[in-house]
C-alpha cells in the first residue's frame, strides 16, 4: 500500500502546491524517501513529536495549506487526541491524517502498537471523516480526491499486506458503501483487511446455499446509513467485521443505525475488548477471531436468530 | 499604519486595562489575573509591532498572533476592540450565551483571533505551523506567540522549542507572560520553571528578559528579536498576575469573582494614571518617534 501511497502523493504534490506532508520519524517506514528528495521543502519530518506535528499541521492549514500527516494509527489517534480535537477539528482546519498499521496490521510491533480504538476515538470528534481504504486501487483514488474536499480526515491504512479487491480504474465516493456481492439472506458489512475475509466468507456461505450481501463500508464516519437500513430491510440480518475493538468501531456505528431505524439481529466480528500481542497477520487473525471462518460462524448464528424470530411471529 | 510613540503605548495599555476590567466585571467573574499580566505586551503588539488590518483580519500578508494562553482572551479582546477589529460594545457580551467572545480564544467566532486556543501547550505548535507556512511561501511577516509561564510545564512546549530552533524559524517571536503564579499557587512551588532563559538558550533560541509592564522594554525587545537571524526568539516578560487591579494584590487571582465596587475602584485608579500621563506628571519620554518594528 505504501508504494501506491508515495506514487499517489507524487501526483498530488505536482497537482496542488498547497499540499504539504508531515511525519514523526516514520518517513522511512512509510517509504516516501523519493518524495522527500523531490520536494524537500514540502515534506517535513518533525521527529518524534506527534503532538507538535498535529499543531503544526493546524497552523499550516490556517494559512491555506493542505497538510497530510502520518504516523502509526495508535499515535495518530490515542497519543494526539487533544491536539486533533482542538487544534484540528474545533478550529475547523483542513488536515488529512494517515494512521498506518491499524489493528493487527502492526504484527510484530505488538500490543503497544495495535490500534483497536482509533476509530472509536475519531468517531466522537464532530466533523471528522474516517476512511479505511481496502486496497491500492481505492487508496489512490481516495488520495487524489483529498485536495477537493475541506475538513478533518482520518485515514487508517495498512502499509504492507492487503488483498486486491477492486479493478483498476474503479471509482469511489466518500460516504457511500460499495456493494460487492448481492444477496438476500444476510449482509456482511466490513472494512479494511476484513473486506477480503468477508468475501471469502461469502464464498463459503454460497456453497452452503446462503446468499450474503457484502458491503465495503470504507467510510466509517459519516456512515452510509441508507445502505445499512436497506441491508436490514432487504436481508434481515447483519454481521459486521472490523480490525478494531467491537466497542465503538464499525460494528457499534452500524448498531446505532439499526437500533434506531431497522432493528434486526446483529453479530459483530472484531477484537473483543482485549489488548493486542505480537505475531504474524494470519496468527493474529485466528487469535482475535478475525478470519472468514469466524465470519461464517457469526453469519450462521445471526441467520438462526433471524429464523427463530420470524418463526415466533 | 502609524506606530504609536512610547507615551501613546503607555496610554494604550491603560485603555486596554480599563476596558478589560469593565468587560470582566460586566460578566462578574473571569480569568482576571492572566488577562491583566499580558496587557503591556498587547499594547506594544497592537500599538506598534503587529502589521495588521483591522478591517481585513484575514489579510494574507499580515503578522500573526497566537495567544496560546487562551484563557487571557478577555484582554486580547479589549485590545482588538480598541484597535477596531469589532465594535467595543461586544466586550459586554463576554461569555454570554451565544457570544462571539468566549472565555478562550476562538478563531471562528472573533475577528482578529488567528488561532483557537485553550488547551495549554498547543499554541506553540500552531504558531510554528503558521510561521513555517509563511516562510515557505516567502512572506516576510512575523508570527508572535504569547505563552503562559505555567503553560511551559506542558511537554508540547518543548517539542515546539526543539523544532523551531532546528528549523531556524527567525520569523517567530515568543513572549512568555512570566507572572510566576498558576491556579494552584506559585509556579516555583508547584513545578519550578526557572531559569527560562537558560532553558531556551540551550534549545538554540535567542533569549531576552524584560520588565513585562514596561512598554518601552517590550518594544525594544521585539525590535531586537526581529533583527535576530537564524534563530527563533523568546522574550521572558517578568509580570505580576493581576497587575493594575486594586483588588487582586496578594491574592491568587487566576480566576475570580469580580465585584462592581472593586472594579470601579480599579477603573478610577486607572483613569487617574491616564490623567497623570496626559498632564506629563509621569515621564513622557522625549516624544521621538521610534523606527518601524
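Chains as they are written, first to last, in the working numbering: chain A, 1 to 313; chain B, 1 to 293.
Glycine included, each C-beta is placed from N, C-alpha and C at the ideal position.
What you are looking at is a predicted structure, and each value in this text was computed from that prediction instead of being measured.
Bridge-paired residues (DSSP) for residue i
i	result
residue 70 of chain A	A/23, A/98
residue 175 of chain B	B/146, B/235
residue 129 of chain A	A/153
residue 269 of chain A	A/241
residue 216 of chain A	A/178, A/190
residue 207 of chain B	B/234
residue 67 of chain B	B/146
residue 115 of chain A	A/102
residue 45 of chain A	A/23
residue 275 of chain A	In DSSP, residue 275 of chain A forms no bridge with anything.
residue 233 of chain A	In the DSSP output, where bridge partners are listed per residue, residue 233 of chain A has none listed.
residue 181 of chain B	B/186
residue 256 of chain B	B/30
residue 221 of chain A	A/130
Interface residues of chain B facing residue i [CB-CB closer than 7 Å]
i	result
residue 46 of chain A	163
residue 65 of chain A	133
C-beta atoms of residue i and residue j nearer than 8 Å
i	j	result
residue 210 of chain B	residue 173 of chain B	no
residue 47 of chain B	residue 86 of chain B	no
residue 250 of chain A	residue 119 of chain A	yes
residue 148 of chain B	residue 69 of chain B	yes
residue 242 of chain B	residue 36 of chain B	yes
residue 155 of chain A	residue 96 of chain A	yes
residue 240 of chain A	residue 286 of chain A	no
residue 213 of chain A	residue 231 of chain A	yes
residue 98 of chain A	residue 69 of chain A	yes
residue 184 of chain A	residue 235 of chain A	yes
residue 116 of chain B	residue 51 of chain A	no
residue 186 of chain B	residue 205 of chain B	no
residue 58 of chain A	residue 88 of chain A	yes
residue 111 of chain A	residue 277 of chain A	yes
residue 180 of chain A	residue 199 of chain A	yes
residue 94 of chain A	residue 5 of chain A	no
residue 32 of chain B	residue 248 of chain B	yes
residue 158 of chain A	residue 131 of chain A	no
residue 152 of chain A	residue 191 of chain A	no
residue 258 of chain A	residue 228 of chain A	yes
residue 219 of chain A	residue 129 of chain A	yes
residue 101 of chain A	residue 175 of chain A	no
residue 128 of chain B	residue 160 of chain B	yes
Cross-chain neighbours of residue i in chain A, by beta carbon under 8 Å
i	result
residue 116 of chain B	86, 87, 90, 91
residue 108 of chain B	91, 92
Cβ separation of residue i and residue j, assumed to be a contact under 8 Å, to the nearest whole Å
i	j	result
residue 222 of chain B	residue 237 of chain B	Between residue 237 of chain B and residue 222 of chain B the Cβ distance is about 11 Å, and since that is not below 8 Å, they are no contact.
residue 76 of chain B	residue 27 of chain B	That belief does not hold up - the Cβ atoms of residue 76 of chain B and residue 27 of chain B are roughly 15 Å apart, past 8 Å.
residue 303 of chain A	residue 210 of chain A	7 Å
residue 160 of chain A	residue 135 of chain A	That pair is no contact at about 12 Å.
residue 131 of chain B	residue 80 of chain B	At roughly 21 Å, the Cβ-Cβ gap does not stay under 8 Å, so residue 131 of chain B and residue 80 of chain B are not in contact.
residue 144 of chain B	residue 175 of chain B	7 Å
residue 192 of chain B	residue 240 of chain B	That pair is no contact at about 18 Å.
Contact set between residue i and chain B, taken where Cβ atoms lie within less than 9 Å
i	result
residue 41 of chain A	136
Cross-chain neighbours of residue i in chain B, by beta carbon under 8 Å
i	result
residue 60 of chain A	129, 130, 132, 133
Chain A contact residues for residue i, given Cβ-Cβ distances below 7 Å
i	result
residue 122 of chain B	55, 83, 86, 87
residue 159 of chain B	49, 51, 52
residue 53 of chain B	Correct list: empty, because the minimum Cβ distance to chain A is about 16 Å.
residue 119 of chain B	82, 86
Can you give, in chain order, each stretch of the alpha helix (DSSP H) that sits fully within the stretch 70 to 121 of chain B and has at least 4 residues? Listed in chain order, the complete alpha helix (DSSP H) runs (minimum 4 residues) inside the stretch 70 to 121 of chain B are 73 to 83.
So within the stretch 18 to 67 of chain B, which uninterrupted alpha helix (DSSP H) runs reach at least 4 residues, ignoring any that extend past its ends? Entirely contained in the stretch 18 to 67 of chain B, the alpha helix (DSSP H) runs reaching 4 residues are, in chain order, 32 to 37, 39 to 44.
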